[in-house]
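Residue numbers (full-length UniProt numbering): 1 to 610.
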């Protein structure tokens, strides 16, 4: 690393692309200098601080003052190009007489074009973020395993206590009463304190509630409902904690895969619980699964607390190369990442701003539909097979488990496919819309097919198709929270999931009433399919992969002078459409690049310094 004087420094030759929005051009043989007011500039000054709008830079001052100089060979006739891969970070401090530092790194899964796939895989397996996603996946597996126990136990409990189908639906939904309350709070706490500590408390409380369920059931119905609500209250933090942890530990090019792995664990928890619960019930009574999975939660907790850290910066044993790879993949330096996290933690999330954005509502509507369909299948499938096809509890569990196993595999595949498409050059917006469309249209059609099933094998096949295709939502709306508001991913997930939980409560209780009144699941499954189709239209109209809250939206301007592009400058706006100002004496100006196969992106970012 070296730092020559700003007035004398000439950057090493590199190929890169500036892409801030509307125009594109390639930098080559650039001369990048620190912004220095002593060099002089022309533009409008604002107040005593003499802050300057970036868009008011003139061609001459850009050449002498320090952003970019472009040679004749820099751009093709169209101004577009596909540059060579180069992993280079560039930092500039915009103060009088500032120096500029360069670091060259060749790290991470996507850093070098000639790195073999085997080497990439081994690098990932031995990385700290692989340990993080493994522990998150196991935690999510326990989350769903504990949740699904009641879906199996509800059959013998209903027979023992003489409950009606509608009251069984109320018992099933009592979990959601608490779940409804903790989503937003859990997301805000995860954003503020990190996913580690919030997840730890969540697992501890839901494991305790699971252990208390046998006692509560024998005590009274009211106590059972209260304990199940406490259980839901604790489990409500799980998904926001997963979102926050993954957003901090994984670069954007690996995030869909990380979510896919985590959600694969989540769905495998269904399979494990559906298969193990009937066996445990036959050996230890109806409450055997509650005791087993409750104790497993505390075992997981004993490994999570000492092994996992909130973010890479706080990990004492992470390698420098992995730390830089994660930071660069998230388009921030260690200082700016730390600063952004601190600023987000120390202020109230902008709820009004979030709700004013149509992309936020696209996520909310998608979450409502996803939760509606998901909890119908989660809560009622064992009952469905026993009621419609008159199979015993163990057979019902097997028929219900197969679709969840396929969902775990398909979810990982959806994440890997999403990452591949983005790395191949497709826009995030397009990829998110494709994945979510599959995640809704597929299940809708499959549920209509389920209505026509004549035997449990065919029904299980339709359910397998429905759940497998619905897992594509993990690479759709679930990841879209990171796209539109990454610094508020946890709280945004909490908000949308809380609203979605209302839908889950309605669908869970509503299914019970439909079955009791009509004696059939068909009408409710048809209603759910229609909801999937309508939401697909809404999603494709209003969803986006661009940042909607926070961050900068910029435009690159190229100026042609005779025989080539001799200068360029950048105009930036925040996503809220406010003009960006900076004070050369107080503002840090950073140029970062995002590395992906066959593409190098140079993103212009401003971090305002107090």
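A virtual CB, placed ideally from N, CA and C, is assigned to each residue, including glycine.
Nearest residue (CA-CA) to residue i, options the options
i, options, result
"residue 475", "543, 212, 312, 411", "411"
"residue 213", "139, 286, 180", "286"
"residue 469", "447, 454, 438", "438"
"residue 311", "294, 426, 324, 452", "324"
"residue 252", "481, 503, 530", "481"
"residue 246", "435, 487, 444, 232", "487"
"residue 448", "174, 147, 530, 375", "530"
"residue 497", "403, 363, 230", "363"
"residue 162", "221, 203, 451", "221"
"residue 492", "462, 357, 537, 301", "357"
"residue 279", "198, 182, 477, 394", "394"
"residue 417", "536, 520, 307, 472", "472"
"residue 259", "174, 419, 382, 511", "419"
"residue 254", "388, 405, 129, 489", "129"
"residue 322", "520, 524, 126", "126"
"residue 181", "535, 408, 501, 131", "501"
"residue 225", "296, 124, 174", "174"
"residue 133", "160, 147, 195, 190", "195"
Three-state secondary structure assigned by DSSP to residue i
i, result
"residue 235", "helix"
"residue 154", "helix"
"residue 480", "helix"
"residue 179", "helix"
"residue 243", "helix"
"residue 627", "This structure cannot settle anything about residue 627, because the visible part of the chain is limited to 1 through 610."
"residue 402", "helix"
"residue 602", "For residue 602, the pLDDT reaches just 29, beneath the cut-off of 50, and the residue's location in the model is therefore unreliable, although a value from the coordinates is still provided. Residue 602: strand per DSSP, three-state reduction."
"residue 311", "coil"
"residue 88", "Low per-residue confidence applies at residue 88: pLDDT is 27, beneath 50, and the placement is therefore not dependable, though the value from the model is reported in the following sentence. Residue state, collapsed to three classes: strand."
"residue 186", "helix"
"residue 141", "helix"
"residue 126", "coil"
"residue 318", "coil"
"residue 334", "Confidence at residue 334 is low in this model, with a pLDDT of 36, below 50, so the placement of that residue should be treated as unreliable; the coordinate-derived value is given next. Three-state result, residue 334: helix."
"residue 579", "With a pLDDT of only 34 at residue 579, under 50, the local geometry of the prediction cannot be trusted, and the value read off the model is given with reservation. Residue 579 falls in the strand class under three-state DSSP."
"residue 41", "Residue confidence for residue 41 is low, a pLDDT of 27 falling below 50, so the modelled location carries little weight and cannot support an answer."
"residue 226", "helix"
"residue 424", "coil"
"residue 252", "coil"
"residue 545", "coil"
"residue 485", "coil"
"residue 519", "coil"
"residue 392", "coil"
Range of the contiguous alpha helix (DSSP H) that encloses residue i
i, result
"residue 524", "522-542"
"residue 267", "255-284"
"residue 303", "288-307"
"residue 470", "456-470"
"residue 473", "Taken as a continuous stretch (DSSP letters only), residue 473 belongs to no alpha helix (DSSP H), as it is neither H nor E."
"residue 219", "195-219"
"residue 375", "358-389"
"residue 436", "428-451"
"residue 355", "351-355"
Residue i and residue j closer than 8 Å at C-beta
i, j, result
"residue 277", "residue 171", "no"
"residue 207", "residue 298", "yes"
"residue 465", "residue 446", "yes"
"residue 505", "residue 176", "yes"
"residue 257", "residue 429", "no"
"residue 456", "residue 355", "no"
"residue 293", "residue 143", "no"
"residue 154", "residue 249", "no"
"residue 305", "residue 200", "yes"
"residue 369", "residue 179", "no"
"residue 271", "residue 401", "yes"
"residue 242", "residue 262", "yes"
"residue 484", "residue 359", "yes"
"residue 353", "residue 404", "no"
"residue 494", "residue 186", "yes"
"residue 318", "residue 135", "no"
"residue 397", "residue 184", "no"
"residue 376", "residue 536", "no"
Closer than 7 Å: residue i CB and nearest the ligand FMN heavy atom
i, result
"residue 254", "Ligands in the displayed structure: none, and consequently the ligand FMN is not present."
At least three beta-carbon pairs within less than 8 Å, the segment 161-168 to the segment 512-529: yes
Does the segment 132-143 touch the segment 234-248, meaning 3 or more C-beta pairs lie closer than 8 Å? yes
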